[in-house]
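First the structure, in the form of structure tokens, and then the observations on it.
Chains as they are written, first to last, in this note's numbering: chain U, 114 to 401; chain B, 58 to 500; chain H, 12 to 332.
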């Protein structure tokens, strides 16, 4: 950590420290304030939501909201959270594995067409994923794959940027000498990959997994196109459907707000559990 | 965590089950001619997509009473449900029945995605209002059964009307006059609200004025956005914009009810489905409201408008007779309607049948009104005077999307309603002709 | 938010690829080199299925139009009309203005966002390590909030009728319209910036920490002020990364969809259904039901994105070498 205080050079003045910390606190406030609104709102009932000041508490109805949210449509909210976890975990696992394998293949074997392939990967990773959602939808609709778990998982599996990272990690963390040594010991190429390379690339793998997991959790576009029937929704789409519903029959705002708050929790836990990799992994990926 | 895991497992199982079911129920696209087939025999299972609260419970009741015709309910909530329905028809995995609004029923029919049920549906025609039957029969062919209706009427802040010295308006001219009067008393007060995303205000006004944007005439469409009636409706909107008499709260704005609750806007168009939620959404103005008939254009020909929900029968449905039977039971039998129209069901459904009187009382919120007007009568009157001239043309949905784009500009005062109507007229005729459909401009 | 993942973390030196040179991969045609292809096979198959085929399929669709007859409620047929749809897209003013709007807005918003992120990263560089961890965690909170939820929160905060901010302003007899004219862009920009600064700060922070200390130790010993060091040593050394991140974020912005779609709920006059290219495509496909036209729009947008990416790629490549 390159903090000035330990820099050994000129110590920062007290005023500078106060100013720096003050500014950081200000932005911290900016980052957290909307979440405050969410917390306050989740304690209100429908009537208070509209008639009391939004940034401060009135009578506490969090318990009711909490209960309602689990009861609504036989616990569909829990199902959504479950779906989100399922899609994110499977999608990120699949994508990490496929990406590491492809990256490793491209980094460690000089087969014909490798250059073109790598250029395609870099090019494709520039294409915003949502752009392809509609064409993808057309194809999946044609073969009847829409509204199945595969309609979201298959596109998540294919992640050019992950392949790119996989290649960078394979390049930097799997020494050729080790592979040669394993070959001399008579290990097959597959075995080398599974028992040597994968372990060496694990930090990189976790980074890919983490980025994918968060990306999939937050994704809205693909499920919006592909999934139908509320029991298949991830939590983001579910909340959106509640918001939409407010216009047709029943005002769902208290549930929307409480649900929003709850939907952040699993991801926050996930993020902070992996905070260590967050730094080293990203650093490696972004700076190579 | 074990919660999550089991739920995840359940999803996986459900997903694979979906695949299996889809494979089994996949019909091979029998085309749209099943109407002529004799009534079906034996045990049948119909899939039914809907997103109305309370319908699932009704399906269970039906299933108990009709072992021969089992209905499998799918809650198809979501913004893109219609397109998913399209995809399902194309892939041969469509349900037999689906909830649709009138606009999309026409759209689906135009794209050949529905089953012609004119013959098997005929026995049920008499149960519904002509306007409702119109909505399921675009171009004269029946593709579904009416589900519910939302006839329009007016709710106003009686306390503020009194304060500003205005009376409940009978005609749209009265509305404008009342708006001006109220604004003279308090310059921040608006008489009406028109949302920037929602051109349905113009649709409703045109419908009430007796306009016919689409009219089937033999084998061609007469498209008329600029008839005298349509222009009259447009003119009301224009005056409301020009004189700044309407607020512009979006109906999708989570705080939209505050607009009226705080008395910034003092009158609104409302309908049956909204009534049950008013008690919670108007905490400050409870007991200060009154209902009135929708404002009219011509007191000699009182007309209001509605939007209809329907149950469409999709292409590939092997049992259109049973589908129609179930849909008719759901939306016309006393048994089903009594439960569905109860606010406790949260369905928001109001029947499209001829006699609505048994279902009115329960939907009237208890604390909302001041008791000085007969709410039930307003509702039954509205249900009985829905204009039956309105037709949905084959490109109505695309036209609506086009109108929606221009409507925002009208609300901002960047475009005149008259010009929008003229351009919609041209757009609609061109679009229809481009698709190979006969259409001419009406005026 | 998915974009930010796939674009913002993009390694700045995508092209230079130096480690490959360091190592000596098996030569082309050498024993077992084809096995590399085997490792890439799952990806390649997936790529074919989710990139190549859909694009081909969309292209095929975009050459078609749906025709009907009579009153339009009879059978329909699909006819090939060549490039008619593309012709309409190319002359569709609304489509191109949505593109221009998104790019112009994106440029400014991303510049502001990266500016703030850089500022924060520099500030973090100047506080004690324990505080760094605390601030980093706090500032990253918006990143873990799903796009839909963050849009929702701001939607409530911007709501012309329900926002507590309006209530607060009203207490001091002020009012601010969050939408209309330039304010629309400020509000949307604020939402996107709020989502993005934490993540970008981490990236920039990482780059700063990777700078060799010798670079500025000398200046520090000479008694140069911290801000001076930041301005003349730290920033110039990470400009390349900033520019690259900025450009790729801009490409990502072309798919802007969920945020304006949600904000439209409270500002329909300001955010029309064709506000961004993706919204326009969505509307054409799923509201108006014109798949063929939407497919053509999708492809044109993909081509424009491709061209932009290519241009940026060349520019930065030249700069780097």
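Beta carbons: idealized from backbone N, C-alpha and C, even for Gly.
Going along chain U, which residues have a C-beta under 8 Å from residue i?
| i | result |
| --- | --- |
| residue 178 of chain H | 166, 167 |
Mapping the DSSP letters down to three states, classify residue i as helix, strand or coil.
| i | result |
| --- | --- |
| residue 243 of chain B | coil |
| residue 106 of chain H | helix |
| residue 308 of chain B | coil |
| residue 366 of chain B | strand |
| residue 169 of chain B | coil |
| residue 166 of chain U | coil |
| residue 201 of chain B | strand |
| residue 376 of chain B | coil |
| residue 128 of chain U | helix |
| residue 237 of chain H | helix |
| residue 384 of chain U | helix |
| residue 271 of chain U | coil |
| residue 33 of chain B | Only positions 58 to 500 of chain B appear in this structure, which leaves residue 33 of chain B out of reach. |
| residue 102 of chain B | strand |
| residue 201 of chain H | helix |
| residue 94 of chain B | Because the pLDDT of residue 94 of chain B is 43, which lies under 50, any placement of that residue in the model is unreliable, and the number read from its coordinates should be weighed accordingly. Correct three-state label for residue 94 of chain B: coil. |
| residue 492 of chain B | coil |
| residue 142 of chain H | helix |
| residue 346 of chain B | strand |
| residue 222 of chain U | strand |
Closest Cβ-Cβ distance between residue i and chain U: below 8 Å?
| i | result |
| --- | --- |
| residue 485 of chain B | no |
| residue 237 of chain H | yes |
| residue 341 of chain B | yes |
| residue 58 of chain H | yes |
| residue 245 of chain H | no |
| residue 46 of chain H | yes |
| residue 165 of chain H | yes |
| residue 112 of chain B | no |
| residue 499 of chain B | no |
| residue 50 of chain H | yes |
Determine, using beta carbons only, whether residue i comes closer than 8 Å to chain H.
| i | result |
| --- | --- |
| residue 307 of chain B | yes |
| residue 198 of chain B | yes |
| residue 252 of chain B | yes |
Residues in the same chain with beta-carbon distance under 7 Å from residue i, minus the five sequence neighbours each way, listed in chain order, please.
| i | result |
| --- | --- |
| residue 162 of chain H | 202, 269, 270, 273, 274 |
| residue 40 of chain H | Because residue 40 of chain H carries a pLDDT of 44, less than 50, the predicted location of this residue cannot be relied on, and the following value inherits that uncertainty. Nothing meets the Cβ criterion. |
| residue 432 of chain B | 348, 421, 426 |
Looking only at its own chain, which residues have a Cβ that is under 6 Å from the Cβ of residue i, when we skip the five neighbours before and after it?
| i | result |
| --- | --- |
| residue 130 of chain B | 105, 113, 116 |
| residue 93 of chain B | Confidence at residue 93 of chain B is low in this model, with a pLDDT of 39, below 50, so the placement of that residue is unreliable and no value is reported for it. |
| residue 216 of chain H | 132, 135 |
| residue 389 of chain B | 184, 410 |
| residue 263 of chain B | 287, 290 |
| residue 201 of chain U | 326, 329, 330 |
Taking all protein chains shown into account, decide if residue i is buried (16 or more other Cβ within 10 angstroms of its Cβ) or exposed.
| i | result |
| --- | --- |
| residue 187 of chain H | exposed |
| residue 128 of chain H | buried |
| residue 244 of chain B | exposed |
| residue 115 of chain H | exposed |
| residue 219 of chain B | exposed |
| residue 321 of chain U | buried |
| residue 128 of chain B | buried |
| residue 456 of chain B | buried |
| residue 206 of chain H | buried |
| residue 274 of chain B | exposed |
Can you name the residues of chain U whose CB is closer than 7 Å to the CB of residue i?
| i | result |
| --- | --- |
| residue 314 of chain B | 163 |
| residue 141 of chain B | 259, 260, 341 |
Name, please, each residue of chain B whose Cβ falls closer than 9 Å to the Cβ of residue i.
| i | result |
| --- | --- |
| residue 79 of chain H | 167, 168, 169, 451, 489, 492, 493, 494 |
Using C-beta distances below 8 Å, list every residue in its chain close to residue i, excluding the 5 sequence neighbours before and after it, in chain order.
| i | result |
| --- | --- |
| residue 70 of chain H | 306, 310 |
Is there a C-beta anywhere in chain B that falls below 8 Å from the one on residue i?
| i | result |
| --- | --- |
| residue 337 of chain U | yes |
| residue 144 of chain H | no |
| residue 257 of chain U | yes |
What residues from chain B crowd round residue i, counting only those whose CB sits closer than 7 Å?
| i | result |
| --- | --- |
| residue 285 of chain H | 462 |
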